[in-house]
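In order, the protein sequence lines correspond to chains A and B. Here the first sequence is numbered in this note's numbering, starting from 1 and rising by one per residue. Here the second sequence is numbered in this note's numbering, starting from 1001 and rising by one per residue. Right, one structure below, let's go through it.
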Amino acid sequence: MQTTAAGRSISLKRGLKTMKLQQLSLFLENRPGRLDAPLEAIAAEGINILTLSLADSAQFGILRLIVREWDKAKEVLEKAGWVVSLTEVVAVDVPDRPGGLAEALKILEGADLNIEYMYAFSLRRGDKAILIFRFEDPDRAVQVLLDKGLHVVDGEELISLVP
Amino acid sequence: MLTELWNDAEGGFHPASAPDFLPERALKEVQLRRLRAVVARAYQNVELFRDRMEERGLTPDAIQSLEDIQQLPFTVKADLRDTYPFGLFASPMSDVVRLHASSGTTGKPIVVAYTREDVDVWGEVMARTLASCGLHRGDILQNAFGYGLFTGGLGAHYGGEALGATVIPISGGNTDRQIMLIRDFNVSALCCTPSYFTHMVERARELGVDLRELPLRVGIFGAEPWTDGMRHHIESEAGIKAYDIYGLSEIIGPGVASECDAQDGLHIFEDHFYPEIIDPETGEALPDGEEGELVLTTLSKKAMPMIRYRTRDITALITEPCACGRTIRRMRRIGRRSDDMFIIRGVNVFPSQVEAALLQVEGTLPHYQIILTRDQGLDRMAVEVEVTPEVFSDKIKGLEEVRARIAQAIEHILGIRVELRLVEPHSIPRSEGKAKRVIDRRND
């Protein structure tokens, strides 16, 4: 696990709080076409989606979004009648090669960090893949990740990756 | 003089609530006198009633005491349909000043008629209703019951004016305008169906209007059964006191019974509407306190007297004195309307039972719907519940837990399995009048 000394020191200066990302989750029924309306609603406001993930059961789904202007997006979606919740998640980059993720997970497991769910970020960072983790305790998770030398990608860095 | 207050033959409106406090003996005297008069009137003018009396070998003289009412034949909803449109009128059309009609769920509507005196009595009992919900001169009443053939709008309108309140006749619908007027006109009281009000509360929140910060302090809700859980929801979300009122077009419209400040049962305006509770199976009268079907006799109606009308509403009479001091009897809130009951796999189910189950899971009221289907001869019941911020989770596991908790609560109360579906906000149609809780597609 390597991380640039410069990247880490900048992150530490900004403090633990800025290391976490705000994820928007919204409830959808699991029916064809249900995804269109919320995506159109935030597109109409010119809000770009950095990444998204869709979790579903047979009957319903949860759309999870990472966007730059999360507060504005939340307001737009709620005004349009959606139920939206805000969750703190953590973005971590791992080497994009076989076994890269397994190594990172082993570290998390060793620190007894409970992962509720995770998904991959749509963009890469050089030879790294970025993963989004929903931890039971995000604050402790960030601390552990930094202690163990993993690179936590904060919001500004994430945005800088968007072409 | 009390005699002047309860003598409706004098006409006009009285300072609202005095008849609610009649001593029992005086009340019974009024009831008996009016009962004898209305039975005689129906016997002379309504063929169907006279025929039924004659079949039993009865004449109006049979009524010597209030208990003698038990000898009289019942009137049922089908009688109104069978005699459509004017067959039960006891007044010539020249004396009828108003007609209302309520669409039955099937077939012909039910037509009801009022003489000038009937309209005045209606205004009086609705004024007593509003007074008992704490309204007085100076209150600004937004009347969001539908105006038109439905009795709700005009009933509340005349009652509000009789009381001396300022009435805003906005009728149902156009929710954004409703909210604008509540705010701009300093509305202090509002009446409509409880389901329409929950929609207003929701819409107000979306518009950024906090009803709790406005002068609105009283809600008067009726025309459909609603639970205490719904009441708590409404009261806390809107910062008001929410009162249940009761009435039905066949009897007069709204104004048959109303809660008071105690919110512990509805006082029946029994100097005009004589209540009985019967066993719905046998038709036998039940003693006060026992649960059964409410039967009402209009004691003062002229144009269309109803003798022992079977309401199909299940309740019980409360005889204990009320904390508010009114002497007229109370009935328990109507939780169950026989008309709303459906049978699924041999089990009798009322929508209010589903509502009671939802109440056990925080944040699931008020938007739900019951859908009945038939699949290869087997009845299926699905309950759709809109997801609210209170129950939403970003985890599938969290939502599945909510779904299981709701399903278990319903199955525990009904004893049958239901399919529980979480649905998106606003996906269940909002009603501006009576909510449609049950969609029965079993015979589609």
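Beta carbons: idealized from backbone N, C-alpha and C, even for Gly.
Rounded to whole angstroms, the gap between the alpha carbons of Cys-1191/B and Ile-1278/B is 31 Å. Judged by DSSP secondary structure, Ser-1352/B falls outside any beta strand (DSSP E) and instead within the alpha helix (DSSP H) spanning 1351 to 1359. As DSSP reads the structure, Gln-23/A sits in a beta bridge with Thr-87/A. Rounded to the nearest angstrom, the gap between the Cα atoms of Ala-1037/B and Leu-1299/B is 8 Å. Between Arg-1330/B and Gly-1292/B, the alpha-carbon positions lie close to 14 Å from each other. Note that the stretch 1026 to 1041 of chain B touches the stretch 1054 to 1066 of chain B; at least 3 beta-carbon pairs, one per stretch, sit closer than 8 Å. For Phe-60/A against Glu-29/A, the beta-carbon gap comes to about 6 Å, under 8 Å, which counts as contact. Going by DSSP, Leu-1149/B is part of no alpha helix (DSSP H) at all; its letter is neither H nor E. For the pair Gly-1146/B and Gly-1152/B, the CB atoms are nearer than the 8 Å cut-off. When 7 Å is used as the limit between beta carbons, Phe-1392/B is near these residues of chain A: Phe-27, Val-83, Ser-85, in chain order. When C-alpha distances from Ser-1236/B are compared across Glu-1259/B, Phe-1197/B, Asp-1079/B, Pro-1225/B, the shortest belongs to Phe-1197/B. Excluding sequence positions up to five before and after Thr-1083/B, its CB lies within less than 8 Å of the CB of Leu-1048, all in the same chain and listed in chain order. Taking all protein chains in view, the Cβ of His-1136/B is surrounded by fewer than 16 other Cβ atoms within 10 Å, so the residue is classified as exposed. In terms of Cβ geometry, Ser-1188/B and Leu-1216/B form a close pair [threshold 8 Å].
Close to Arg-1421/B, with beta-carbon spacing below 9 Å, are these residues of chain A in chain order: Glu-29, Gln-59, Phe-60.
The residue from Asn-1174/B, Cys-1133/B, Ile-1413/B with its alpha-carbon nearest to that of Val-1347/B is Ile-1413/B. Nearest in C-alpha terms to Gln-22/A, of all of Asp-1394/B, Glu-1259/B, Glu-1419/B, is Asp-1394/B. Listed along the chain, the chain B residues whose CB falls inside 7 Å of the CB of Glu-116/A are Lys-1395. Annotation for Lys-128/A: the continuous beta strand (DSSP E) segment containing it runs 128 to 135. For Asp-1244/B against Leu-1266/B, the beta-carbon gap comes to about 6 Å, under 8 Å, which counts as contact.
No Cβ of chain B is located within less than 8 Å of the beta carbon of Lys-74/A. Shown here, Leu-1420/B sits in a strand according to DSSP, grouped into three states.
Linking Leu-86/A to Ser-1427/B through their CA atoms gives a straight-line distance of about 22 Å. For the pair Leu-131/A and Ala-120/A, the CB atoms are nearer than the 8 Å cut-off.
In summary, no residue of the stretch 1351 to 1376 of chain B has a CB separated from any CB of chain A by less than 7 Å. A distance below 8 Å between beta-carbons, with the five flanking residues on each side excluded, links Arg-140/A to the following residues of its chain, in chain order: Leu-113. Within the same chain, Cβ atoms closer than 7 Å to the Cβ of Thr-1175/B are found at His-1199, Met-1200, Arg-1203, the five residues on either side in sequence being excluded. Between the beta-carbon of Ala-1356/B and that of Gly-1229/B there is about 7 Å, and that keeps the pair under the 8 Å contact cut.
By the rule that beta-carbons nearer than 8 Å mark a contact, Ala-120/A does not touch chain B.
The beta carbon of Thr-1388/B falls within 8 Å of a beta carbon belonging to chain A, placing the residue at that interface. In the displayed model, Met-1126/B falls within a helix according to three-state DSSP. Within the DSSP secondary-structure output, Ser-53/A pairs in a beta bridge with Arg-64/A.
From the beta-carbon of Ala-55/A, the residues of chain B found nearer than 9 Å are Asp-1394, Lys-1395, Ile-1396.
Contact annotation: Tyr-1309/B and Ile-1069/B have beta-carbon atoms that are not nearer than 8 Å. In the DSSP assignment, Tyr-1043/B falls within the alpha helix (DSSP H) that extends over 1024 to 1045.
Interface criterion not met: the Cβ of Arg-68/A is under 8 Å from no Cβ in chain B.
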